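Using my numbering, read the sequence shown as starting at 570 and increasing by one per residue.
Glycine is no exception: its CB is placed at the ideal position from the N, C-alpha and C atoms.
Keep in mind the model is a prediction, meaning the values are calculated, not measured.
Contents: one structure, followed by commentary.
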Amino acid sequence: MKTLSQTLEESLGDTLKETLEELLNTTIEVAKEENDSDND
């Protein structure tokens, strides 16, 4: 059986990873849009 801290670390780790991935994707999308508008 896992300890509470192990369970918390795992769930926090997953949440943090998802948040970072979303942030990265958003940053890439914004960068692409800015890049596209520069080309006009």
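Specify the secondary structure class of residue i as computed by DSSP and reduced to three states.
i	result
K601	helix
K571	coil
Within its chain, find whatever has a CB closer than 6 Å to the CB of residue i; leave out the 5 residues flanking it on each side and keep chain order.
i	result
T596	none
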